[in-house]
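Visitor:
In my numbering, the protein residues as written are 2 to 137.
1) Which first and last residues belong to the alpha helix (DSSP H) in which residue 40 is found?
2) If distances are taken between C-alpha atoms only, which option among 35, 110 and 21 comes closest to residue 27?
3) Between the C-alpha atoms of residue 1 and residue 63, what's the straight-line distance to the nearest angstrom?
4) Count the other CB atoms, across all protein chains shown, that sit within 10 Å of the CB of residue 46; report buried if there are 16 or more and exposed otherwise.
5) Whose C-beta lies closer than 7 Å to the C-beta of residue 131 among residues of the same chain, with five residues either side of it excluded?
6) So, with DSSP's three-state summary, where would you put residue 23?
7) I need the DSSP call for residue 17, collapsed to helix, strand or coil.
8) Looking at the secondary structure, which residues open and close the alpha helix (DSSP H) in which residue 90 lies?
Here is the structure:
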């Protein structure tokens, strides 16, 4: 699971939530890719950014299967998980978030943050330690 950058519990949760959309049945002509494998393919591609060819070799499926797994997984996440986990805050909550970010990080009118970007800058001499990039 570490290669997917998701815990086993999160993986199981995701599989449970998207199974009705991504679940496939075997036919007389071919076997379907199992749900857990479809989710693993999509998460692996999204987590690593590897080429479709690399993911297809890793999981023993065709490149078009990897493409379809990723596309269908993303569609399912948007349909099922987005409404549950990502909501637009009301005006009172936005005010509360803006106050929090301003008080904590001196970031006025900021109401959220997603991961981070590392931008090289010249740190001021008087507080250079505050600008140290711990990720390299």
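Ideal Cβ placement from N, Cα and C applies to all residues, glycine included.
Guide: Quick answer:
1) Within the chain shown, the letter at position 39 stands for residue 40. Counted as a single uninterrupted DSSP element, the alpha helix (DSSP H) harbouring residue 40 occupies residues 36-49.
2) Working through the chain shown from its first residue, we reach residue 27 at position 26. Answer by Cα proximity: 35.
3) Nothing about residue 1 can be read from this structure; the chain reaches only from 2 to 137.
4) Taking the first residue of the chain shown as position 1, residue 46 is located at position 45. Burial call: buried.
5) Here residue 131 refers to the residue found at position 130 of the chain shown. The answer is none, since no qualifying residue turns up.
6) The count along the chain shown starts at 1 and reaches residue 23 at position 22. Three-state DSSP puts residue 23 in a helix.
7) Position 16 of the chain shown, counted from the start, is the residue given in the question as residue 17. Note: residue 17 maps to helix in three-state DSSP.
8) If you number the chain shown from 1, residue 90 lands on position 89. Counting along the chain, residue 90 falls outside any alpha helix (DSSP H), and DSSP gives it neither H nor E.
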